[in-house]
Structures are given as structure tokens and as C-alpha cells.
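Colleague: For the sequence shown, my numbering gives the first residue as 888, with consecutive numbering after it.
If you scroll down you'll find the structure; I have some questions about it.
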Amino acid sequence: MKQRLEKLQTWMKENEIEVSFLTSSENVFYLSGYYTDPHERLLALVVFQSEEPFLVCPGMEIHDARRSGWEYELLGYSDIDNPWELILSSINKRINGVTKAAIEKEHMNVERYEQLSRLFPKAAYVSAEEKLRKLRMIKDARELKIIEEACALADYAVEVGVSEIKEGKTELEVLNAVEYALKQKGVTEMSFATMVLTGANAASPHGNPGGTKIQKGDLVLFDLGVVVDRYCSDITRTVAYGDINDKQKEIYDTVLKAQLAAVEASKPGVTAAEVDLTARRIIADAGYGEYFPHRLGHGLGIGVHEYPSMTETNPLIIEEGMVYTIEPGIYVPDIAGVRIEDDLFITADGAKVLTKFPKELQIIK
Ligand code: MN
Ligand code: MN
């Protein structure tokens, strides 16, 4: 945590930012080690160039915050306190006035921005988000270990899901069995709402599971992730129930070929765009270009969507320590939806694939 704070402080010095006022649960956790979802209440980590930082949280959480290992000042406020007065006095104890402050512009709401502007009427406000995204993009050994655990549980979840496939079962019944099995293993949270989609529903990249029943000849798509110690995994597998037709097979083979090629292309020194285009070209050459309507993948960590964004135009250079997904898909309405998604960790030698559930077409009888 200390090193992370120091990196932020170096950036603040370079940019003459006297104070950073960070408010998202994810960034506060990344820099302080304390995670909470404060709902509508204010959570803030206040960082200075050299003075000690302080953490603002609901008073009832003070003990949890302390137990998380935060060793600097903790500012708890009750539901009848005005936290802004407490914040002002804590800032004034450290520095004389603010001319430039970094805030999370995409996260902070207007009400809080107005409160802060009232405290520091002369301050200019810059965005802290881009810096935090870049810091979080490169994972350390401890983060990798946790993500590997989350990926192993995601593999297990798909295994359970595939074993639950049966004629006439609904998407929700299968989903329920998957999440029940995970809870039995101690999992408390999924990375996002689990997707089990069958038949025509699988042809929607962001479909919602419901009462549709699995039938012979369907492709069944699982997209899910597990949270371990605040870090997310994200896997997609598509399997066949009973015999599928040649068109469905061709679509599956094309997605798999594109996915494997993009994993192979993932290594330090190439751009995100090159990796995306490796997969996109294979899909376009097979005649399905228009049916692959989203980016190839996304970084992943404390958030399920982080940097790097794996788009066909992103010039960002892939580096050792990045974790991102490779998830090409082809969605032809009424015919088939196939997506195959793995989580990758980038090493000096190339990609280490963290999700390991088999990708060859599985035909469930
Ligand atoms: Mn994903
Ligand atoms: Mn996914």
C-alpha cells in the first residue's frame, strides 16, 4: 500500500497537485487496503504530497477500517455530523490552502463537487482516474495469486454449469445450481450477474437469463466471474447440447481459432490494437466480421472492467504484469451465439492463461 501511495504522491508533486480526494470504493481499497460499499454515505481517501493521508468513512465502520490495516488518521462521522467540516479541519491541519486538487471526476457526484468547491473556492480540479487506472493496470505477485484463485473458482463454476445441462431445464435453474455450488465453497460474491443463455438467447452478447428451456441442438453460453479478496475473474464458455448443425460448428470453430490466435499474440511489446486485430481478422475472413460487435477484451482486477481496453484502435503497448481478457464472439441472430473468454497474465515470455476450463467444442449428450 505504501508504495502505491508513494507513486500517487510522486505524480502529485510532478503535477503540483496539493491534495487528492478519492471517493470510489475500488480506488480507496487499492490505496488504503480498506474496502467498503458505503452506499449513499461519503467515503474518501485524502492524500497529500508529503503529509500523512487520512481516510474518511462512516463512523460505524471505524473499527473495520482499522482492522483492515490502515495505520494513518481515520475520520469517522455519524449520521448527524457534517463530514465536510471535519474534512476541512483535517486538511487545514496539514496544508495551507489548495490551488489544485485531483478528484475522481467520473465518480464524484455534483453535490459533493459543490461541497468541495465551497471548501476550496480557488482550487482547480483535475482528474485522478487516468493515473489510478495506469497504476492498477500492472499487477504485483500478490494480486496475481488472488486472481489465479478467482479464476480457478470460475473454472469450477463452468464445470458445475456444464454438468447441470439437461433437456428442459431453464437458464435460471442452471444458474441457480452454479451459484449454489459456489456458495458451498465459501464464495460470497460474483464479479457481475451470472449469465446462462441458451439457444437464440446466446446470440445476445449481454443477454439476461430467464425461463428459457434448454433443448437439443442448442448452444449454451456461460459467462461468469468470481470475486476473491476483492479481485474478479471473468470466463465465458459455450457448449453444445446434443448435435448441432454445420453452421453452428463453423461459428464455434471460427471463434476458437480467433481466441487462440489472440492469446498467442499477447506478449510484451505488441499493441492492444494488434492483439484485437489478430482475432478480428480471422473472424472477418470467415465472413462473420459484422457479427463481432464488441472489443476483444478488457483489463481486470479489483474492477471487472479495467485497463487495458483491448480495442482495434488502442495503441497502448502490452506490458509484463497486465491481466486482461480475450473474448471474441460471433452472434448471428436466430442461428448461434458463441463467445470464448479467458483471463490472461502477461509475462516476459507471453501470456499465461489463468482460466483453464477446456475450449474444444464439447457436445453434451
Ligand atoms: Mn469480460
Ligand atoms: Mn465475461
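Even glycine gets a Cβ: it sits at the ideal position worked out from N, Cα and C.
Is E1228 a contact residue of ligand 1, with contact defined as CB to any heavy atom under 7 Å?
Modeller: Indexing the sequence shown from 1 puts residue 1228 at position 341. Yes.
Colleague: Relative to the alpha-carbon of I967, which residue among V1191, L1231, P945, L975 has its alpha-carbon at the smallest distance?
Modeller: The sequence position of residue 967 within the sequence shown is 80, counting from 1. Among V1191, L1231, P945, L975, the Cα nearest to that of I967 belongs to P945.
Colleague: Would the beta-carbon of D1110 be found less than 7 Å away from any heavy atom of ligand 2?
Modeller: Translated into the one-based positions of the sequence shown, residue 1110 becomes position 223. Correct: D1110 has its Cβ closer than 7 Å to ligand 2.
Colleague: Nearest to L1203 by alpha carbon, out of G1176, A1160, E948?
Modeller: Along the sequence shown, one-based indexing puts residue 1203 at 316. Nearest option by C-alpha distance: A1160.
Colleague: How far does the beta strand (DSSP E) with P1220 in it extend, from its first residue to its last?
Modeller: Start at 1 with the first residue of the sequence shown, and residue 1220 comes out as number 333. No residue range can be given for P1220, since it is assigned to no beta strand (DSSP E) and is classified by DSSP as neither H nor E.
Colleague: Ignoring anything shorter than 4 residues or poking outside the segment 1121-1205, list the alpha helix (DSSP H) runs there in chain order.
Modeller: 1133-1152, 1159-1172
Colleague: Compare the Cα-Cα distances from K1103 to each of V1150, I1052, L1022 and report the closest residue.
Modeller: Taking the sequence shown and counting its residues from 1, one reaches residue 1103 at position 216. The shortest C-alpha separation from K1103 is found at I1052.
Colleague: Quick check on the DSSP output: the alpha helix (DSSP H) that includes E938 runs from which residue to which?
Modeller: Within the sequence shown, residue 938 is the residue found at index 51, counting from 1. From DSSP, E938 is part of no alpha helix (DSSP H); its letter is neither H nor E.
Colleague: If you measure from the CB of T1125, is any heavy atom of ligand 2 nearer than 7 Å?
Modeller: Start at 1 with the first residue of the sequence shown, and residue 1125 comes out as number 238. Incorrect: T1125 has no Cβ contact closer than 7 Å to ligand 2.
Colleague: Kindly indicate which residue of D1105, K1144, R1029, V1142 has the alpha-carbon position closest to the one of D1130.
Modeller: Taking the first residue of the sequence shown as position 1, residue 1130 is located at position 243. That would be D1105, whose Cα lies nearest to the Cα of D1130.
Colleague: Which term fits Q1135, buried or exposed, when burial requires 16 or more other beta carbons within 10 angstroms of its beta carbon?
Modeller: Translated into the one-based positions of the sequence shown, residue 1135 becomes position 248. Its Cβ being crowded by 16 or more others within 10 Å, Q1135 is buried.
Colleague: If you follow the beta strand (DSSP E) that F1109 is part of, which residue opens it and which one closes it?
Modeller: Your numbering for residue 1109 matches position 222 in the sequence shown. Going by DSSP, F1109 is part of the beta strand (DSSP E) stretching over 1105-1111.
Colleague: Between E1214 and ligand 2, is the CB less than 7 Å from at least one heavy atom?
Modeller: Indexing the sequence shown from 1 puts residue 1214 at position 327. Yes, the Cβ of E1214 comes within 7 Å of a heavy atom of ligand 2.
Colleague: Consider the C-beta atom of D1163 and the heavy atoms of ligand 1; say whether any pair is separated by less than 7 Å.
Modeller: Position 276 of the sequence shown, counting from 1, holds the residue named residue 1163. No, Cβ of D1163 sits at least 7 Å from all heavy atoms of ligand 1.
Colleague: I want to check one thing, is the minimum distance from the CB of D1121 to the heavy atoms of ligand 2 below 7 Å?
Modeller: Along the sequence shown, read from residue 1 onward, the residue named residue 1121 stands at position 234. Yes - ligand 2 has a heavy atom lying nearer than 7 Å to the Cβ of D1121.
Colleague: Roughly how many whole angstroms lie between the Cα atoms of G984 and D1116?
Modeller: Mapped onto the sequence shown, residue 984 falls at position 97. Mapped onto the sequence shown, residue 1116 falls at position 229. Taking the straight line joining both Cα atoms gives about 38 Å.
Colleague: Would you please verify whether the beta carbon of E1030 is less than 8 Å from any beta carbon of chain B?
Modeller: Here there is only one protein chain, and chain B is not present.
Colleague: In three-state terms, what does DSSP make of F1244?
Modeller: For the purposes of this step, residue 1244 is taken as residue 357 along the sequence shown, with counting starting at 1. Of the three classes helix, strand and coil, the one that applies to F1244 here is coil, per DSSP.
Colleague: Ligand 1 and H1093: does any heavy atom of the ligand fall closer than 7 Å to the residue's C-beta?
Modeller: For the purposes of this step, residue 1093 is taken as the residue at position 206 of the sequence shown. Outside the cutoff, so no.
Colleague: Under a three-way DSSP split, which group does Y959 fall into?
Modeller: Mapped onto the sequence shown, residue 959 falls at position 72. Y959 falls in the coil class under three-state DSSP.
Colleague: From which residue to which residue does the alpha helix (DSSP H) around A952 run?
Modeller: On the sequence shown, residue 952 is found 65 positions in, with the first residue counted as 1. That run of the alpha helix (DSSP H) goes 949-954.
Colleague: Note down, one range per segment and in chain order, each beta strand (DSSP E) of at least 3 residues found wholly within the segment 985-1020.
Modeller: 987-990, 1011-1014
Colleague: For the putative contact between S911 and L895, defined by C-beta atoms under 8 Å, what is the C-beta separation to the nearest angstrom?
Modeller: Position 24 of the sequence shown, counted from the first residue, corresponds to residue 911. Position 8 of the sequence shown, counted from the first residue, corresponds to residue 895. S911 to L895, Cβ: 14 Å. No contact.
Colleague: I'd like to check one pair, Y959 with E939: are the Cβ atoms closer than 8 Å?
Modeller: By 1-based counting over the sequence shown, the position of residue 939 is 52. By 1-based counting over the sequence shown, the position of residue 959 is 72. Closer than 8 Å, so yes.
Colleague: If we call anything under 8 Å between Cβ atoms a contact, is E932 one with L961?
Modeller: If you number the sequence shown from 1, residue 932 lands on position 45. If you number the sequence shown from 1, residue 961 lands on position 74. The identity of residue 932 in the sequence shown is Leu, whereas the question assumes Glu. Pairing L932 with L961 gives a Cβ-Cβ distance that is not under 8 Å.
Colleague: Suppose the cutoff is 7 Å on Cβ atoms and the five residues either side in sequence are ignored; what does the same chain contact list for V1240 look like?
Modeller: Position 353 of the sequence shown, counting from 1, holds the residue named residue 1240. Contacts found: V1150, D1229, L1231.
Colleague: On the three-state DSSP scale, how would you describe V1074?
Modeller: Your numbering for residue 1074 matches position 187 in the sequence shown. DSSP places V1074 in coil when its eight states are reduced to three.
Colleague: What's the gap between the Cα of I1025 and the Cα of I1205?
Modeller: In the sequence shown, counting from the first residue as 1, residue 1025 sits at position 138. In the sequence shown, counting from the first residue as 1, residue 1205 sits at position 318. So the alpha carbons of these two residues sit roughly 10 Å apart.
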